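Residue numbers (full-length UniProt numbering): 1 to 139.
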């Protein structure tokens, strides 16, 4: 359902005031799924590179350093790999969508949407929302 002219003007005013607020922009950016995923990828890469450096450095140093340093470096490399895979998986499961003014957020679960269980909380709330919208009730 399209917005009325008055609602559209109000929406544009709110959008303009929010875009000019630097604190709001940084707060939204900090919780943006794409931004968070990018930070986790960078952190995973840094940890993996440090692990590789520790392994190579301990092998070059030899002796007792190699005995303790190589396993620690291997654990760091493995941890960086796991963090990167976890970030990639979380990044593909969390999406913000805005289409025709309707925003929805899908989190985790399967890739194909499923219908809610009959009689479940979600289906009851959706039914109440549909009835309210069909009857023209606002609250």
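Beta carbons: idealized from backbone N, C-alpha and C, even for Gly.
This structure is a prediction, so every number in the text was calculated from the model and none was measured.
Quick one: what does DSSP say residue i is sitting in, helix, strand or coil?
i, result
"residue 19", "helix"
"residue 33", "helix"
"residue 58", "helix"
"residue 51", "helix"
"residue 63", "helix"
"residue 2", "coil"
"residue 73", "helix"
"residue 120", "coil"
Thinking just about the alpha-carbon of each residue, which of the options is nearest to the one in residue i?
i, options, result
"residue 88", "71, 43 and 56", "43"
"residue 36", "10, 127, 90 and 3", "90"
Is it right to say residue i is buried, meaning 16 or more other beta carbons lie within 10 angstroms of its own, or is it exposed?
i, result
"residue 67", "exposed"
"residue 75", "exposed"
"residue 58", "buried"
"residue 54", "buried"
"residue 17", "exposed"
"residue 125", "exposed"
"residue 73", "buried"
"residue 48", "buried"
"residue 5", "exposed"
Flag this pair as yes or no: are the beta carbons of residue i and residue j separated by less than 8 Å?
i, j, result
"residue 52", "residue 77", "yes"
Evaluate contact between the segment 32 to 47 and the segment 70 to 85, counting only Cβ atoms and requiring at least three cross-stretch pairs below 8 Å.
-> yes
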